[in-house]
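Peer 1:
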Amino acid sequence: MRLNPFSRELSSADRVVPPTGFTANLTVLTAAAMAFLAVFALALSLASGRLADRWAYALARSATIRISAPPEQMEVQTRAVLDALATTPGVKSYRPLEDDEMRDLLDPWFGPDLPVEDLPLPQLVELVETAQGIDAEGLRLRLAAEAPGAVLDDHTRWRRPLVAAADKLRWLGWLSLVLIGGAMAGMITLAAQAALAANGQVIRTLRLVGAQDAFIARAFVRRFTQRGFVGAALGTGLGMGAVALLPAADAAGGFLTGLGFTGTGWLWPLALPVLAAVVAYGATRAAALRMLKGIR
Amino acid sequence: MIELQDVAVGYGGTELLAEMSLKLVPGSFHFLTGPSGAGKTTFLKLCYAELLPSSGFLGLYGQDARTMSRDDIAQMRQRIGVVHQDCQFLDHLSVAENVALPLTVAGKPIDGRELVELLSWVGLKAQMNALPPQLSGGERQRAALARAIIMSPEVIVADEPTGNLDWEMSLRLLNLLVELNKMGKTVVIATHDLNLIRQAKAQVSARVLRIANRRLQLAGADL
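Protein sequences appear in the order of chains R and D. Residue 289 in full-length UniProt numbering is what sits at position 289 of the first sequence, and the numbering runs on without skipping anything. Residue 4 in full-length UniProt numbering is what sits at position 4 of the second sequence, and the numbering runs on without skipping anything.
(1) On the three-state DSSP scale, how would you describe Arg204 (chain R)?
(2) Under 7 Å Cβ to Cβ from Ala96 (chain D), same chain only, skipping five residues before and after it: list those, please.
(3) Under 9 Å between C-beta atoms, does Arg142 (chain D) make it to chain R?
(4) Pick out whichever of R:Pro18, R:Gly200, R:Ala43 and R:Val16 has its Cα sitting closest to the Cα of Ala244 (chain R).
(5) Using C-beta distances below 6 Å, list every residue in its chain close to Leu272 (chain R), excluding the 5 sequence neighbours before and after it, in chain order.
(6) Considering Cα atoms alone, identify which of D:Lys108, D:Val155, D:Glu139 and D:Asp71 is closest to Phe89 (chain D).
(7) Taking Ala63 (chain R) as the reference, which of R:Arg79, R:Ser93, R:Thr87 and R:Val209 has the closest Cα?
(8) Hey, Ala84 (chain R) and Leu141 (chain R) are a contact pair by Cβ (cut 8 Å); roughly how many whole angstroms apart?
(9) Determine contact between the segment 60-76 of chain D and the segment 27-41 of chain D, defined as no fewer than three beta-carbon pairs at a distance below 8 Å.
(10) Ends of the beta strand (DSSP E) at Glu3 (chain D)?
(11) Is the Cβ-Cβ distance between Arg172 (chain D) and Phe31 (chain D) less than 9 Å?
(12) Flag Leu10 (chain R) as yes if its beta-carbon sits less than 9 Å from any beta-carbon of chain D, otherwise no.
(13) Grouping DSSP H, G and I as helix and E and B as strand, with all else coil, what is residue 359 (chain R)?
(14) Check each residue of the segment 89-104 of chain D: if its Cβ is closer than 8 Å to any Cβ of chain R, include it; give the result in chain order.
(15) Quick test of your reading: Ala56 (chain R) and Ala192 (chain R), contact by CB under 8 Å. State the CB separation rounded to the nearest angstrom.
(16) Using a Cβ-Cβ distance cut-off of 9 Å, determine whether Met76 (chain D) contacts chain R.
(17) Would you mind giving the Cβ-Cβ distance between Leu135 (chain D) and Ala143 (chain D), rounded to the nearest angstrom? I have them listed as a contact below 8 Å.
(18) Does any heavy atom of the ligand MG sit closer than 8 Å to the C-beta of His155 (chain R)?
(19) Spatial neighbours of Ala280 (chain R) within its chain, please: C-beta separation below 6 Å, excluding the five flanking residues on both sides.
(20) Determine, using beta carbons only, whether Val7 (chain D) and Leu16 (chain D) come nearer to each other than 9 Å.
(21) Is it right to say Gly81 (chain D) is buried, meaning 16 or more other beta carbons lie within 10 angstroms of its own, or is it exposed?
(22) What's the call for Phe220 (chain R), buried or exposed, on a 16-neighbour Cβ count within 10 Å?
(23) Return the residues of the segment 40-63 of chain R that lie within a Cβ-Cβ distance of less than 7 Å from chain D, sorted by chain order.
(24) For Val204 (chain D) versus Lys182 (chain D), is the C-beta spacing smaller than 9 Å?
(25) Using a Cβ cut-off of 7 Å, pull out every chain R residue sitting near Asp71 (chain D), in sequence order please.
(26) At what residues does the alpha helix (DSSP H) containing Ile216 (chain R) begin and finish?
(27) Mapping the DSSP letters down to three states, classify Arg8 (chain R) as helix, strand or coil.
(28) Using the C-alpha atoms, what's the distance from Leu289 (chain R) back to Gln201 (chain R)?
(29) Take Gly253 (chain R) and list the residues in its own chain whose beta-carbon comes closer than 8 Å to its own, dropping the five residues that flank it on each side.
(30) Going straight from the alpha carbon of Leu216 (chain D) to that of Lys45 (chain D), what length do you get?
(31) Given a limit of 9 Å on CB to CB distance, which residues of the segment 202-233 of chain R reach chain D?
(32) Going by beta-carbon coordinates alone, are Val91 (chain R) and Ala147 (chain R) separated by less than 9 Å?
(33) Within its chain, find whatever has a CB closer than 7 Å to the CB of Ala24 (chain R); leave out the 5 residues flanking it on each side and keep chain order.
(34) If Gly59 (chain D) sits next to Thr186 (chain D), beta carbons under 8 Å apart, how far is it from one beta carbon to the other, in whole angstroms?
(35) Between Phe6 (chain R) and the rest of its own chain, which residues show a CB-CB distance below 6 Å, the 5 nearest in sequence each way excluded?
(36) Taking the beta strand (DSSP E) that Tyr94 (chain R) belongs to, which residues open and close that run?
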């Protein structure tokens, strides 16, 4: 249907540039693909963050004392350890692990029928620290004196690299998001430049009738911003659907099954179409103004 | 409104025009003649600052064109109507939308009745919803003229506007330009058609400028 020449649409800046199917499709497709990848990068980053926080928080406040002693001394040394803990500042609670708990710990390696009570296993004592924490070195010295078979393991040795790895993974996720945004900006810039070059005659005509840079740029910028938003919305929708189909978090599966979003984390990807629109706006505006500088 | 003082213009180290001095006074009518390739189009491009002088002073409405920003030049073009020989249009927009384009880019409201009056004046009312590729050569020239004057500019610059038209259509276009000049507009027409110039001289007081040997000269005798 033809436009009514007197309609309000006649004065719209949008219509001065003819629709270009190729660049339109390219931009929507690029934005969709990038948003799809960004959803996964975001999921990775958030999951890594959760993991790092969990490890850092849960393990930082707990420690284990392992008592290895001949069977006849085990009870005496255990009692000595418990007495020492009772008077150690920074200890919130402590308890020796029961046989059932020991069985659960060993179950993944030896199966459920392990006769724990007949094996010369060390006695484990779990302690939870207060917010101030314990003086680990002081406690080690005291245990060495009062229960020579007791060894304090405050998990620091293996906790630190895990937390560091999870933290790095989180930052890698964010870095991926930045790179994806940069790649999208680059691709949209190329598409915008192609559209600008294809419409060189239109731009020259607009210049001839007195169009300023801002007017001409606006006609392109609005289109590419819309395309970036629509494409990213599609990609985000698909990405969120794919993440939702991932297996739910479960202890046996470890990190990989906890890769999805949780709770309000599902709101984060909704920001991606807006970010894509902002990226498309900036990239197209910069490309348009740069090109217009060369046309008098 | 348009003033050249000892203007030279070059491209790629080659001087195309030199020592040009001229002052276009309001309400004047000028023809610009000269052989093909003499620099008529180059001269006209100076008039609406599509080209800038390599030396000399080019004043557009009192401003030195060489110190004007691109946006200043764009605004200045809203005061100079340009009709090109090849009539550049936006082919996806209707004739009415193309004619109203200067208003659109200036962010000014479009009065539908005035637009129809203008299209009627140039004889294109029936084609207002047509697309530019559907127009004949003469219709395109008239549409370009309508677009050039819709902002009511003080100056109208036309580059070989009748170059592709038959005599009857050329006269029709010339009459429109003469009519505009009688309304007080300054008109500059580049043409090598002496018959057209003679025809105009019968209706209006026109001066003839000639470009030869890279110089702008006032023709010795009125035609």
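Think of the CB as a built atom: it goes at the ideal place given N, C-alpha and C, for glycine as much as any other residue.
Peer 2: So, from the data block:
(1) Residue mapping note: residue 204 (chain R) aligns to position 204 of the first sequence, counting from 1. Arg204 (chain R) falls in the helix class under three-state DSSP.
(2) Residue mapping note: residue 96 (chain D) aligns to position 96 of the second sequence, counting from 1. These residues qualify, in order along the chain: Leu115, Leu119, Met128 and Asn129.
(3) Residue numbering aside, residue 142 (chain D) sits at position 142 when the second sequence is read from its first letter. Not one chain R Cβ lies under 9 Å of Arg142 (chain D).
(4) Position 244 of the first sequence, counting from 1, holds the residue named residue 244 (chain R). Minimum Cα distance to Ala244 (chain R) is reached at R:Ala43.
(5) Taking the first residue of the first sequence as 1, we reach residue 272 (chain R) at position 272. Result list for Leu272 (chain R): Ala35, Ala38, Ala232 and Thr236, in chain order.
(6) Residue 89 (chain D) sits at position 89 when you count from the first residue of the second sequence. It is D:Glu139.
(7) The residue given as residue 63 (chain R) occupies position 63 in the first sequence. Ala63 (chain R) has its Cα closest to that of R:Ser93, out of R:Arg79, R:Ser93, R:Thr87 and R:Val209.
(8) By 1-based counting over the first sequence, the position of residue 84 (chain R) is 84. By 1-based counting over the first sequence, the position of residue 141 (chain R) is 141. 11 Å between Cβ atoms; not a contact.
(9) no
(10) By 1-based counting over the second sequence, the position of residue 3 (chain D) is 3. It spans Ile2 to Tyr11 - the beta strand (DSSP E) in which Glu3 (chain D) sits, taken as one unbroken run.
(11) Here residue 172 (chain D) refers to the residue found at position 172 of the second sequence. Here residue 31 (chain D) refers to the residue found at position 31 of the second sequence. Cβ atoms of Arg172 (chain D) and Phe31 (chain D): not closer than 9 Å.
(12) Your numbering for residue 10 (chain R) matches position 10 in the first sequence. Residue placement at Leu10 (chain R) is poorly supported in this model, since its pLDDT is 43, which falls under 50; the coordinates still yield a value, given next. Yes, because at least one Cβ of chain D sits closer than 9 Å to the Cβ of Leu10 (chain R).
(13) Only positions 1 to 296 of chain R appear in the structure, and residue 359 (chain R) is not among them; the question remains open.
(14) Phe89, Leu90, Asp91, His92, Leu93, Ser94, Ala96, Glu97, Ala100, Leu101, Pro102, Leu103 and Thr104
(15) The count along the first sequence starts at 1 and reaches residue 56 (chain R) at position 56. The count along the first sequence starts at 1 and reaches residue 192 (chain R) at position 192. About 44 Å separates the two Cβ atoms, so there is no contact after all.
(16) As a working mapping, residue 76 (chain D) is identified with position 76 in the second sequence. Chain R, which has a Cβ nearer than 9 Å to the Cβ of Met76 (chain D), makes this yes.
(17) Within the second sequence, the letter at position 135 stands for residue 135 (chain D). Within the second sequence, the letter at position 143 stands for residue 143 (chain D). With a Cβ gap of about 6 Å, Leu135 (chain D) and Ala143 (chain D) count as contacting.
(18) Absent from the structure shown: the ligand MG. Ligands present: none.
(19) By 1-based counting over the first sequence, the position of residue 280 (chain R) is 280. Cβ within range, chain order: Ile188, Phe224, Thr225 and Gly228.
(20) Position 7 of the second sequence, counted from the start, is the residue given in the question as residue 7 (chain D). Position 16 of the second sequence, counted from the start, is the residue given in the question as residue 16 (chain D). No.
(21) For this step, residue 81 (chain D) is matched to residue 81 along the second sequence. With 16 or more other Cβ atoms within 10 Å, it is buried.
(22) Here the question's residue 220 (chain R) lines up with position 220 in the first sequence. Buried, because 16 or more other Cβ atoms sit within 10 Å of the Cβ of Phe220 (chain R).
(23) none
(24) The residue given as residue 204 (chain D) occupies position 204 in the second sequence. The residue given as residue 182 (chain D) occupies position 182 in the second sequence. Yes, these two residues count as a Cβ contact at 9 Å.
(25) Here the question's residue 71 (chain D) lines up with position 71 in the second sequence. Neighbours of Asp71 (chain D) on chain R, chain order: Gln212 and Asp213.
(26) Within the first sequence, the letter at position 216 stands for residue 216 (chain R). Unbroken alpha helix (DSSP H) run through Ile216 (chain R): Asp213 to Ala244.
(27) Position 8 of the first sequence holds residue 8 (chain R). Residue placement at Arg8 (chain R) cannot be trusted, given a pLDDT of 44 that sits under 50; what the coordinates show is reported in the next sentence. Here Arg8 (chain R) sits in helix by DSSP.
(28) To locate residue 201 (chain R), count along the first sequence from 1; it is residue 201. To locate residue 289 (chain R), count along the first sequence from 1; it is residue 289. Going from the Cα of Gln201 (chain R) to the Cα of Leu289 (chain R) covers about 16 Å.
(29) As a position in the first sequence, residue 253 (chain R) is number 253, starting the count at 1. Per-residue confidence for Gly253 (chain R) stands at a pLDDT of 49, beneath the threshold of 50, marking its modelled position as unreliable; the derived number appears in the next sentence. These residues qualify, in order along the chain: Pro247.
(30) Within the second sequence, residue 216 (chain D) is the residue found at index 216, counting from 1. Within the second sequence, residue 45 (chain D) is the residue found at index 45, counting from 1. Going from the Cα of Leu216 (chain D) to the Cα of Lys45 (chain D) covers about 14 Å.
(31) Val202, Arg204, Thr205, Leu206, Arg207, Leu208, Val209, Gly210, Ala211, Gln212, Asp213, Ala214, Phe215 and Ile216
(32) Taking the first sequence and counting its residues from 1, the one referred to as residue 91 (chain R) is at position 91. Taking the first sequence and counting its residues from 1, the one referred to as residue 147 (chain R) is at position 147. Against a cut-off of 9 Å, the Cβ pair of Ala147 (chain R) and Val91 (chain R) comes out as no contact.
(33) If you number the first sequence from 1, residue 24 (chain R) lands on position 24. Arg227.
(34) Here residue 59 (chain D) refers to the residue found at position 59 when the second sequence is read from its first residue. Here residue 186 (chain D) refers to the residue found at position 186 when the second sequence is read from its first residue. At roughly 14 Å, the Cβ-Cβ gap does not stay under 8 Å, so Gly59 (chain D) and Thr186 (chain D) are not in contact.
(35) Looking up residue 6 (chain R) in the first sequence gives position 6. Because the pLDDT at Phe6 (chain R) is just 41, under 50, the model does not fix this residue reliably, and the value given afterwards should be weighed accordingly. Excluding residues within five positions, none has a Cβ falling inside 6 Å.
(36) For the purposes of this step, residue 94 (chain R) is taken as residue 94 along the first sequence, with counting starting at 1. Run containing Tyr94 (chain R): Val91 to Pro96, per the beta strand (DSSP E) assignment.
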